[in-house]
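Taking the working numbering, the leading residue of the sequence shown gets 1, the next gets one more, and so forth.
Idealized CB from N, CA, C, for every residue including glycine.
The structure displayed is predicted, hence computed values, not measured ones.
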Amino acid sequence: MSEIIPNHLGVILDGNRRWAKQNDLQTLEGHKKGAKNFHKISMHAFSQGVSCVSGFVFSAENWKRTEEEVGHLMGLVVTAIEDYLEDFHKAGIRIVILGRQNGIRSKVIKSIKKAEERTANNKKGTLALCFNYGGHEEIVDATKSIIDKQIKSDEVDEKLIQENIYSPEIPDVDLIIRTSGEQRLSGFMLWRSAYSELYFSDKYWPDFSEVDLDIAFEWYSNRKRRFGQ
């Protein structure tokens with residue numbers, strides 16, 4: 001086990017579609033495998049001492065994909081919550097959803113609310129699902145919230161913006177892992193990632209294992225975080 005474990009682990013689950021293509025499977029099968037793996041990796045992270053795991057499960061930009069794929073992704077969210085909710089609940093993990101609800105099917109919203117309500121009092125960890133989420137949109141929504149409260153411009157500071165982002169109690173991200181060889185944030189956790197360590201894996205997300213996570217934690221443990229000093 002690594003000497004230093006991130007308090008908040010962020011994961012950009014990239015490569016599900018390419019994994020499916022590589023294995024001669026339908027795109028949906030890649031997403032299903034990715035959802036199953038996120039459950040496994042999240043539980044392993046919590047077992048290692050991570051307090052918060054956030055996953056980029058559906059970007060606000062994913063609406064640009066085909067109607068069929070978007071429909072499959074929406075259905076997969078409902079199925080995944082049904083399959084894994086009790087596991088997280090029994091482990092004492094609270095589930096929160098970060099993102100906008102506009103455009104989301106009522107069945108999906110109902111499922112999301114069920115997960116949040118079921119786990120609301122859990123204290124052993126937090127699983128933050130970034131769903132219909134965009135980092136720019138989060139900051140825009142925080143700004144609108146401040147404007148709605150009729151707060152004067154000279155009273156606006158970092159602390160106030162922090163108080164108005166999605167689930168403001170969630171801490172800054174210590175380590176962000178992105179799979180599939182891509183090396184960018186794609187809008188993930190923009191407000192909370194100023195001093196995040198960035199770890200990139202060439203593996204597609206469905207192939208990213210618990211051992212791979214341990215290796216990433218070992219890498220993180222050896223980093224010297226200066227926070228601008």
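message: Classify R223: buried if its beta carbon has 16 or more other beta carbons within 10 angstroms, exposed otherwise.
response: The residue you call residue 223 lines up with position 223 of the sequence shown. Flag for R223 reads exposed.
Whole-angstrom distance between S106 and L127, CA atom to CA atom: Within the sequence shown, numbered from 1, the residue matching residue 127 stands at position 127. Within the sequence shown, numbered from 1, the residue matching residue 106 stands at position 106. C-alpha separation (whole angstroms): 22 angstroms.
message: If you follow the beta strand (DSSP E) that G132 is in, where does it begin and where does it stop?
response: On the sequence shown, position 132 is the one that residue 132 refers to. The displayed chain sequence assigns Asn, not Gly, to residue 132. Start and end: 125-133.
CA-to-CA distance, L76 to K32, given in whole angstroms: For the purposes of this step, residue 32 is taken as residue 32 along the sequence shown, with counting starting at 1. For the purposes of this step, residue 76 is taken as residue 76 along the sequence shown, with counting starting at 1. Whole-angstrom Cα-Cα distance: 7 angstroms.
query: Mind checking E138: buried by the 16 CB within 10 Å criterion, or exposed?
result: In the sequence shown, residue 138 corresponds to position 138, counting from 1. E138 comes out buried.
- prompt: Helix, strand or coil for S167 per DSSP?
  reply: Along the sequence shown, one-based indexing puts residue 167 at 167. In this structure, S167 counts as coil in the three-state DSSP scheme.
- request: Compute the distance between the beta-carbons of E67 and S186, then report whether it is under 9 angstroms.
  value: Residue numbering aside, residue 67 sits at position 67 when the sequence shown is read from its first letter. Residue numbering aside, residue 186 sits at position 186 when the sequence shown is read from its first letter. No.
- prompt: Just checking my contact of S193 with V173 at CB under 8 angstroms: how many whole Å lie between their CB atoms?
  reply: Within the sequence shown, numbered from 1, the residue matching residue 193 stands at position 193. Within the sequence shown, numbered from 1, the residue matching residue 173 stands at position 173. Yes, S193 and V173 are in contact; Cβ-Cβ is about 5 angstroms, under 8 angstroms.
query: Would you report the Cα separation of V96 and D214, rounded to the nearest angstrom?
result: Residue 96 sits at position 96 when you count from the first residue of the sequence shown. Residue 214 sits at position 214 when you count from the first residue of the sequence shown. Taking the straight line joining both Cα atoms gives about 25 angstroms.
- request: Please report how far the alpha carbon of K152 lies from the alpha carbon of I109, in whole angstroms.
  value: In the sequence shown, counting from the first residue as 1, residue 152 sits at position 152. In the sequence shown, counting from the first residue as 1, residue 109 sits at position 109. Taking the straight line from one Cα to the other gives about 34 angstroms.
message: I'd like to check one pair, Y133 with L85: are the Cβ atoms closer than 9 angstroms?
response: Stepping through the sequence shown from its first residue, residue 85 is reached at position 85. Stepping through the sequence shown from its first residue, residue 133 is reached at position 133. Contact flag unset, no.
- request: Tell me, to the nearest whole angstrom, how far the beta carbon of C130 is from that of F188; I am working on the premise that it is less than 8 angstroms.
  value: Position 130 of the sequence shown, counted from the first residue, corresponds to residue 130. Position 188 of the sequence shown, counted from the first residue, corresponds to residue 188. Yes, they are in contact, since the Cβ atoms of C130 and F188 sit about 7 angstroms apart, within 8 angstroms.
field: Close-in-space but distant-in-sequence residues of the same chain around N122 (CB under 6 angstroms, 5 per side omitted)
entry: Position 122 of the sequence shown, counted from the first residue, corresponds to residue 122. If we look at N122 and ignore the five residues flanking it on each side, its Cβ neighbours are G92, I93, R94.
message: Rounded to the nearest angstrom, what separates I161 and K40 at their Cα positions?
response: The residue labelled residue 161 in the question sits at position 161 within the sequence shown. The residue labelled residue 40 in the question sits at position 40 within the sequence shown. For I161 and K40, the distance between alpha carbons rounds to 33 angstroms.
message: On the DSSP letters alone, give me the boundaries of the alpha helix (DSSP H) that F217 sits inside.
response: On the sequence shown, position 217 is the one that residue 217 refers to. It spans 210-221 - the alpha helix (DSSP H) in which F217 sits, taken as one unbroken run.
message: Rounding to the nearest angstrom, what Cα-Cα distance links L239 and V70 in this structure?
response: The structure shown does not extend to residue 239, since the chain spans only 1 to 229, so no value can be given for it.
message: Quick check: what's the CA-CA separation for W205 versus G55?
response: Taking the sequence shown and counting its residues from 1, the one referred to as residue 205 is at position 205. Taking the sequence shown and counting its residues from 1, the one referred to as residue 55 is at position 55. So the alpha carbons of these two residues sit roughly 12 angstroms apart.
query: Can you list the alpha helix (DSSP H) stretches of 4 or more residues lying completely in the segment 41-120, in chain order?
result: 67-90, 106-119
field: Beta-carbon proximity check, H89 vs V50, cutoff 9 angstroms
entry: For this step, residue 89 is matched to residue 89 along the sequence shown. For this step, residue 50 is matched to residue 50 along the sequence shown. Their beta carbons are not under 9 angstroms apart, which means H89 does not touch V50 by this criterion.
message: Need the endpoints of the beta strand (DSSP E) that R178 sits in, please.
response: Locating residue 178 in the sequence shown gives position 178, where the first residue counts as 1. Per DSSP, R178 belongs to the beta strand (DSSP E) from 175-178.
message: Among P6, T179, I147, whose alpha-carbon lies nearest the alpha-carbon of N37?
response: Working through the sequence shown from its first residue, we reach residue 37 at position 37. The option with the nearest alpha carbon to N37 is T179.
field: Cut-off 8 angstroms between Cβ atoms - residues of its own chain near S196, not counting five sequence neighbours on either side
entry: Here the question's residue 196 lines up with position 196 in the sequence shown. Answer for S196: G10, D172, V173, D174, L175, I176, M189, listed in chain order.
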